[in-house]
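Visitor: Supplied in structure tokens, the structure appears directly below.
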Amino acid sequence: MPADTTEKTPVFDVADEQSIARGKEKLDAHTAEIIAWHFHPSTGSPFWLEYAKTLSFDPLQEVKCFDDLKKFPAFEDEWLRGGPVTRWIPKGFAGQPAYVFETGGTTGTPKSRVNLRDFRTDYEEFSETLPEEYFPKGANWLMLGPSGPRRLRLSIEHLAQHRGGICFCIDLDPRWVIKLIQKGWMEHLEAYKDHCIDQAITVLESGHDIRCMFTTPKLLESLAIALEKKGTTIREAGITGIFSGGTEFTPQWTRFAVEELLDGAFMTPTYGNTLMGLAASRPVVPEDGYTIAYYSPQPRAVIEVVDFDDTNSVVPYGGTGRVKLTTLTKETFVPGFLERDEGERELPYAKYPWDGISGVRPFSKLATATTVGVY
Amino acid sequence: MHLTAFRFGKPYESLERNKLVHFMTGEPVAEVSQVGGAIVNRDLRKAGNARKAILKIDPEEIVERLQTAGNLYALGTVDVGGVKQSPDDFARQQSATTGLPENLCLANMKKNLFVLSNMDRMLDALSRGLPPEVFWRGYGTEHRDVVVSYQAQSPVLGLVLPSNSPGVHTLWLPVVALGIGLLLKPGGQEPWTPYRMAAAMIEAGIPEEAIGLYPGATDVGAAILASCGRSMIFGSAKTVEQYRGNPAVQVHGPGFSKFLLGDDCVDNWADYIDIMADSIAANSGRGCINCSAIYASRHTHEIADALAEKLGVEEVRAPDDPEATLAAFTVPGAAKAIWEQIDGLLDKPGVRHATAPYGSRFVEGERCGWLRPTIVECDSPDPEIARAEYMFPFCNVVKCPQEKMLDRIGPTLVATAISNDPHFQRELIDASHIDRLNIGPLPTIKLDWLQPHEGNIIDFLYRSRALQMTETSAVVSTATAVPAQSGT
Numbered sequence: 001m002p003a004d005t006t007e008k009t010p011v012f013d014v015a016d017e018q019s020i021a022r023g024k025e026k027l028d029a030h031t032a033e034i035i036a037w038h039f040h041p042s043t044g045s046p047f048w049l050e051y052a053k054t055l056s057f058d059p060l061q062e063v064k065c066f067d068d069l070k071k072f073p074a075f076e077d078e079w080l081r082g083g084p085v086t087r088w089i090p091k092g093f094a095g096q097p098a099y100v101f102e103t104g105g106t107t108g109t110p111k112s113r114v115n116l117r118d119f120r121t122d123y124e125e126f127s128e129t130l131p132e133e134y135f136p137k138g139a140n141w142l143m144l145g146p147s148g149p150r151r152l153r154l155s156i157e158h159l160a161q162h163r164g165g166i167c168f169c170i171d172l173d174p175r176w177v178i179k180l181i182q183k184g185w186m187e188h189l190e191a192y193k194d195h196c197i198d199q200a201i202t203v204l205e206s207g208h209d210i211r212c213m214f215t216t217p218k219l220l221e222s223l224a225i226a227l228e229k230k231g232t233t234i235r236e237a238g239i240t241g242i243f244s245g246g247t248e249f250t251p252q253w254t255r256f257a258v259e260e261l262l263d264g265a266f267m268t269p270t271y272g273n274t275l276m277g278l279a280a281s282r283p284v285v286p287e288d289g290y291t292i293a294y295y296s297p298q299p300r301a302v303i304e305v306v307d308f309d310d311t312n313s314v315v316p317y318g319g320t321g322r323v324k325l326t327t328l329t330k331e332t333f334v335p336g337f338l339e340r341d342e343g344e345r346e347l348p349y350a351k352y353p354w355d356g357i358s359g360v361r362p363f364s365k366l367a368t369a370t371t372v373g374v375y
Numbered sequence: 376m377h378l379t380a381f382r383f384g385k386p387y388e389s390l391e392r393n394k395l396v397h398f399m400t401g402e403p404v405a406e407v408s409q410v411g412g413a414i415v416n417r418d419l420r421k422a423g424n425a426r427k428a429i430l431k432i433d434p435e436e437i438v439e440r441l442q443t444a445g446n447l448y449a450l451g452t453v454d455v456g457g458v459k460q461s462p463d464d465f466a467r468q469q470s471a472t473t474g475l476p477e478n479l480c481l482a483n484m485k486k487n488l489f490v491l492s493n494m495d496r497m498l499d500a501l502s503r504g505l506p507p508e509v510f511w512r513g514y515g516t517e518h519r520d521v522v523v524s525y526q527a528q529s530p531v532l533g534l535v536l537p538s539n540s541p542g543v544h545t546l547w548l549p550v551v552a553l554g555i556g557l558l559l560k561p562g563g564q565e566p567w568t569p570y571r572m573a574a575a576m577i578e579a580g581i582p583e584e585a586i587g588l589y590p591g592a593t594d595v596g597a598a599i600l601a602s603c604g605r606s607m608i609f610g611s612a613k614t615v616e617q618y619r620g621n622p623a624v625q626v627h628g629p630g631f632s633k634f635l636l637g638d639d640c641v642d643n644w645a646d647y648i649d650i651m652a653d654s655i656a657a658n659s660g661r662g663c664i665n666c667s668a669i670y671a672s673r674h675t676h677e678i679a680d681a682l683a684e685k686l687g688v689e690e691v692r693a694p695d696d697p698e699a700t701l702a703a704f705t706v707p708g709a710a711k712a713i714w715e716q717i718d719g720l721l722d723k724p725g726v727r728h729a730t731a732p733y734g735s736r737f738v739e740g741e742r743c744g745w746l747r748p749t750i751v752e753c754d755s756p757d758p759e760i761a762r763a764e765y766m767f768p769f770c771n772v773v774k775c776p777q778e779k780m781l782d783r784i785g786p787t788l789v790a791t792a793i794s795n796d797p798h799f800q801r802e803l804i805d806a807s808h809i810d811r812l813n814i815g816p817l818p819t820i821k822l823d824w825l826q827p828h829e830g831n832i833i834d835f836l837y838r839s840r841a842l843q844m845t846e847t848s849a850v851v852s853t854a855t856a857v858p859a860q861s862g863t
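Protein sequences, first through last, are from chains A and B.
For what it's worth, the numbering used here labels the leading residue of the first sequence as 1, then goes sequentially.
For what it's worth, the numbering used here labels the leading residue of the second sequence as 376, then goes sequentially.
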């Protein structure tokens, strides 16, 4: 459902040109700093230092701004599979405790990203976007999402702790969910979903004073309907704020949730993954047709909506393109990673004066091979 | 035209809409609101209201209203998507998005009209003469003065309807007359029949709370199948396999319907060519009741050639041409892919393409494709293509000794057997892999609606069970006769 922002007058605060220019300056300076770190022999990671030898240019000399990153060949996600994962850790961070987070992995070796403190930084920054009214400091959280070797699992717990609360979790193996769908074992899928929702309701009914929650759209609707069958609602169960994520967030689903599932609880959609961190959304309101537009946490990560064939060119505002992600933290450098998602390019928002993306959905050319589980 | 979802009496405009376009010109025909599975799950919590609303009306009155609905549907002008729609409008719109010629769309309307017009006879036949009140009260006394009880297994029947076969709708038309509501997921390309039928039923006085229309993606179908106490799905052999053994789901897949020529009659094969051809090609060969294989112990070469001569010449015509017989495949690339698959099976040993002399079978359009009738001769049931069925007039003529036929034909929805041999007839009657059996020269496509189709729908929707009441027991009111929705 392409959003045509070019023909309609935006109902949100579009960023002014000065803010956009300042954002770009900051991004260029940050890019140069990150390149200097990752490609300097004393601080760079074994992977990038080795890779630099194969390049026809010297990143330290020739990458001075964000646009210069186009000089890098396309990043291949296959590089993220397998070990040793320490090849990704910059020498400047050698010896520090590291986490490894995995993505996918239903079959074969999953892709992974090493983290030291990035996930904490990302979620602390995201925490600043959460309205206190619905996500009160000190409130306890329920993490109704995937467990296991997921960045999300630990990040939500850190978010809760960062805001002074405690996070309660459930067991949920998303790889098993995908297998159930692929095998067509729909009864088992329903039973597994019920098993997850039962765990969540048990936590909510156990006097833990939980007021905030992370969940996915599918689990949120299952939880809301399960609570309704018990004669109560998400709001009555104590939840005031929900932070949710997934490519299944559509304007229609959001409207349905707001009108029929949430009973007044506040929900903020996000778009995120193991590589990027977390993109917050501008306010999702009926006047904007419940458009869900995400803005990456620049300058730490940049989302571009690029032409399907010419991936170095962004599409016009309102146009449809593939998601191209660049990660620029001192822990991780990933230039121009082509995501398995597509969407429409959105105008910069006053609070986030850089390009956004709306209508995020699985990349249509890959969609038939993509199984959406709990995300 | 915008077809909104209809949540048991409440129209619902979704922010997401599927744009339907004409399969040849690409011109917009309609927009259809798309909802998600969660809306279905949420509304199903109140599904009991659908049955309650029907039970407030006398069962005979419901049948009369359905007969009125049939006339409105087939002959009247009804309000669909905020637009007055005549039968000709309907045929044009259905043809535009499904690729079926308009004359076939009109013919399918007549089938639906026939079922609704004969609803009283049909219910009488399927219930073996039970008073209709039995389904309203949950019990009653049958004509032998024996108490019987029929317990509804779901307040609504969920239906995941197909896009490519408008002929299937006759299957769900008796449901409301049995006191059960309807939750319909229309096919993505064929919302027309469910929407027009629902509009006609409501105009005729069927309670709007008894009908739900939930167009959407596959998650809507999944929600229906997971949450309705009883549901029907129309799909591929894979879908059939997936739900096999699930008592709550009735699956309608490929029919693999056949003609079986007995040894005593096969020498007179020429007498049956017309009904064989009709069975293959009616409704553009899209139905599960279309014949996809003819088994005979001899003369298969001549039979294949005669059918090829009769059907192979059929040409693609414009959808509004009254002589058009072939439906288009509206999904780009589909017809080509199917033909390539068939082509790969035609050069196998023992296989002969009898329609080859009549020109290319695959006809490519700008936005769609067609497949012309295809007749294949197989010298045994062994070649892979002998077991194939496709959504266009396609038939194998298979050489097989009579004594091996029943072992080799596989599952068969409709078998027409031409034989006067009492021994063979006995074997046919006992063959449990044949669903509908015609003995004698009847086309496979000719259905007697007074007989069950793939199981008796009453046995699917109701459970016959024991109910004993003493004389002092209170009468069960219809208000308490609503079954709980599964999962509640």
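Glycine is no exception: its CB is placed at the ideal position from the N, C-alpha and C atoms.
Taking 7 angstroms as the limit between beta carbons, can you name the residues of its chain near A:D13, skipping five residues before and five after?
Guide: Indexing the first sequence from 1 puts residue 13 of chain A at position 13. Cβ within range, chain order: Y349, A350.
Visitor: Are any of the Cβ atoms in chain B nearer than 8 angstroms to that of A:G264?
Guide: The residue given as residue 264 of chain A occupies position 264 in the first sequence. No, A:G264 lies away from the interface with chain B (no Cβ there is under 8 angstroms from its Cβ).
Visitor: Exposed or buried, what is B:R933 when buried is set at 16 or more other beta-carbons lying within 10 Å of its beta-carbon?
Guide: It is not possible to answer for residue 933 of chain B, since the shown part of chain B is limited to 376 through 863.
Visitor: Please classify A:T368 as buried or exposed, where buried requires at least 16 neighbouring CB atoms within 10 angstroms.
Guide: Within the first sequence, residue 368 of chain A is the residue found at index 368, counting from 1. In this predicted model, A:T368 has a pLDDT of only 47, less than 50, meaning its place in the structure is not dependable; the value taken from the coordinates is given anyway. Label assigned to A:T368: exposed.
Visitor: Quick check on B:L390 - is its C-beta less than 8 angstroms from some C-beta in chain A?
Guide: The residue you call residue 390 of chain B lines up with position 15 of the second sequence. Yes, its Cβ sits closer than 8 angstroms to a Cβ of chain A.
Visitor: Roughly how many angstroms lie between the CA atoms of A:K70 and A:F333, to the nearest whole one?
Guide: The count along the first sequence starts at 1 and reaches residue 70 of chain A at position 70. The count along the first sequence starts at 1 and reaches residue 333 of chain A at position 333. Taking the straight line joining both Cα atoms gives about 14 angstroms.
Visitor: By Cβ distance, which residues of its chain are closer than 7 angstroms to B:I664, with the 5 residues on each side in sequence left out?
Guide: Counting from 1 along the second sequence, the entry for residue 664 of chain B is found at position 289. Excluding sequence neighbours, B:I664 sits near G630, S632, L788, V789, T819, I820, L822.
Visitor: For the alpha helix (DSSP H) containing A:P251, list its first residue and its last residue.
Guide: As a working note, residue 251 of chain A is residue 251 in the first sequence. Counting along the chain, the alpha helix (DSSP H) containing A:P251 begins and ends at 251–256.
Visitor: Step through the CB atoms of chain B and report whether any lies within less than 8 angstroms of the CB of A:M379.
Guide: Residue 379 of chain A lies beyond the stretch modelled for chain A, which goes from 1 to 375, so this question has no answer here.
Visitor: Taking 8 angstroms as the CB-CB cut-off, is A:W253 touching chain B?
Guide: Against the first sequence, residue 253 of chain A aligns to sequence position 253. Taking Cβ atoms only, chain B reaches closer than 8 angstroms to A:W253, which makes this a yes.
Visitor: Please go through the same chain and pick out, in chain order, the residues whose beta-carbon is closer than 8 angstroms to the beta-carbon of B:E406, but skip the five residues on each side of it.
Guide: Here residue 406 of chain B refers to the residue found at position 31 of the second sequence. Taken in chain order, the residues that qualify are M376, H377, L378, R392, N393, K394, L395.
Visitor: Determine the direct distance from the alpha carbon of B:Q469 to that of B:S538, and round the result to whole angstroms.
Guide: The residue labelled residue 538 of chain B in the question sits at position 163 within the second sequence. The residue labelled residue 469 of chain B in the question sits at position 94 within the second sequence. If you take the alpha carbons of B:S538 and B:Q469, they lie about 10 angstroms apart.
Visitor: For B:Q460, which residues does DSSP report across the bridge?
Guide: Residue mapping note: residue 460 of chain B aligns to position 85 of the second sequence, counting from 1. DSSP, once it has assigned bridges, lists B:V453 as partnering B:Q460.
Visitor: Relative to the C-alpha of B:P590, which residue among B:D805, B:S389, B:G815, B:A466 is closest?
Guide: In the second sequence, the residue the question calls residue 590 of chain B occupies position 215. Checking every option, the nearest Cα to that of B:P590 belongs to B:S389.
Visitor: To the nearest angstrom, how far is the alpha carbon of A:E124 from that of A:E157?
Guide: For this step, residue 124 of chain A is matched to residue 124 along the first sequence. For this step, residue 157 of chain A is matched to residue 157 along the first sequence. Each residue's alpha carbon lies about 11 angstroms from the other.
Visitor: Which chain A residues are close to B:I599, counting only those with a beta carbon under 8 angstroms from its beta carbon?
Guide: What you label residue 599 of chain B is simply residue 224 of the second sequence in a count that begins at 1. Residues of chain A passing the Cβ test: none, with the nearest at roughly 11 angstroms.
Visitor: Given that a residue counts as buried once 16 or more other Cβ atoms are within 10 Å of its Cβ, and exposed if not, what is A:P174?
Guide: The sequence position of residue 174 of chain A within the first sequence is 174, counting from 1. That one is buried.
Visitor: Residues in the same chain with beta-carbon distance under 8 angstroms from A:Q161, minus the five sequence neighbours each way, listed in chain order, please.
Guide: For the purposes of this step, residue 161 of chain A is taken as residue 161 along the first sequence, with counting starting at 1. Counting only Cβ-Cβ distances below 8 angstroms, and skipping sequence neighbours, we find C167.
Visitor: Per DSSP, A:D341 forms a beta bridge with which residues?
Guide: Taking the first residue of the first sequence as position 1, residue 341 of chain A is located at position 341. Partner(s): A:P362.
Visitor: Which residue spans inside the segment 457–498 of chain B form an unbroken beta strand (DSSP E) run of at least 3?
Guide: Those beta strand (DSSP E) runs which fall completely within the segment 457–498 of chain B and span 3+ residues are 458–460.
Visitor: From the DSSP output, read off the bridge partner residues of A:S112.
Guide: Here the question's residue 112 of chain A lines up with position 112 in the first sequence. A:E102.
Visitor: Between A:T250 and chain B, is the shortest Cβ-Cβ distance under 8 angstroms, so that the two count as touching?
Guide: Here residue 250 of chain A refers to the residue found at position 250 when the first sequence is read from its first residue. True, the Cβ-Cβ gap to chain B drops below 8 angstroms.
Visitor: Are there 16 or more other CB atoms within 10 angstroms of the CB of A:T370, so buried, or fewer, so exposed?
Guide: As a position in the first sequence, residue 370 of chain A is number 370, starting the count at 1. Because A:T370 sits at a pLDDT of 42, beneath the cut-off of 50, its placement in the model cannot be relied upon, and the point is left open.
Visitor: If you measure between the beta carbons of A:A265 and A:I225, is that distance less than 8 angstroms?
Guide: As a working note, residue 265 of chain A is residue 265 in the first sequence. As a working note, residue 225 of chain A is residue 225 in the first sequence. Result no, Cβ atoms of A:A265 and A:I225 do not sit closer than 8 angstroms.
Visitor: How far does the alpha helix (DSSP H) with B:V415 in it extend, from its first residue to its last?
Guide: Against the second sequence, residue 415 of chain B aligns to sequence position 40. Where B:V415 is concerned, the enclosing alpha helix (DSSP H) stretches over 412–419.
Visitor: Give me, in chain order, the residues of the same chain whose beta-carbon lies closer than 8 angstroms to that of B:A500; leave out the 5 immediate sequence neighbours on both sides.
Guide: Position 125 of the second sequence, counted from the start, is the residue given in the question as residue 500 of chain B. L825, Q826.
Visitor: Please say whether A:P90 and A:E346 have beta carbons closer to each other than 8 angstroms?
Guide: Here residue 346 of chain A is taken as the residue at index 346 of the first sequence, counted from 1. Here residue 90 of chain A is taken as the residue at index 90 of the first sequence, counted from 1. Not in contact: A:E346 and A:P90 (Cβ atoms no closer than 8 angstroms).
Visitor: Contact between the segment 75–84 of chain A and the segment 20–34 of chain A is defined here as three or more beta-carbon pairs at a separation below 8 angstroms; is this criterion met?
Guide: Contact fails: fewer than three Cβ-Cβ distances are below 8 angstroms.
Visitor: Compute the Euclidean distance between the alpha carbons of A:V372 and A:G148, then round it to the nearest angstrom.
Guide: Translated into positions along the first sequence, residue 372 of chain A becomes position 372. Translated into positions along the first sequence, residue 148 of chain A becomes position 148. The predicted model places A:V372 with a pLDDT of 43, which falls under 50 and marks its position as unreliable; any figure quoted below should be read in that light. Answer to the nearest angstrom: the Cα atoms are 18 angstroms apart.
Visitor: Quick check on DSSP: helix, strand or coil for B:G734?
Guide: The residue given as residue 734 of chain B occupies position 359 in the second sequence. Looking at B:G734 - three-state DSSP - the assignment turns out to be coil, as it is neither helix nor strand.
Visitor: Please report how far the alpha carbon of B:G637 lies from the alpha carbon of B:H808, in whole angstroms.
Guide: As a position in the second sequence, residue 637 of chain B is number 262, starting the count at 1. As a position in the second sequence, residue 808 of chain B is number 433, starting the count at 1. Cα to Cα, B:G637 sits roughly 18 angstroms from B:H808.
Visitor: From B:V688 to B:F704, what distance separates their C-alpha atoms?
Guide: On the second sequence, position 313 is the one that residue 688 of chain B refers to. On the second sequence, position 329 is the one that residue 704 of chain B refers to. C-alpha separation (whole angstroms): 19 angstroms.
Visitor: Look at B:G662 and B:G542 and say whether their C-beta atoms are less than 8 angstroms apart.
Guide: Here residue 662 of chain B refers to the residue found at position 287 when the second sequence is read from its first residue. Here residue 542 of chain B refers to the residue found at position 167 when the second sequence is read from its first residue. Yes. Within cutoff.
Visitor: Could you say which of A:D68, A:T121, A:F337, A:G272 lies nearest to A:L152 if we only look at CA atoms?
Guide: For this step, residue 152 of chain A is matched to residue 152 along the first sequence. When only C-alpha atoms are compared, the closest one is A:G272.
Visitor: What is the DSSP secondary structure of B:A854, counted as helix, strand or coil?
Guide: Taking the second sequence and counting its residues from 1, one reaches residue 854 of chain B at position 479. Any reading at B:A854 must be qualified, since the residue scores a pLDDT of 45, below 50, and its modelled position is unreliable; the value itself is stated next. Looking at B:A854 - three-state DSSP - the assignment turns out to be helix.
Visitor: Just to confirm before moving on: does the CB-CB distance between B:G604 and B:T614 stay below 8 angstroms?
Guide: In the second sequence, counting from the first residue as 1, residue 604 of chain B sits at position 229. In the second sequence, counting from the first residue as 1, residue 614 of chain B sits at position 239. No, Cβ-Cβ distance for B:G604 and B:T614 is not below 8 angstroms.
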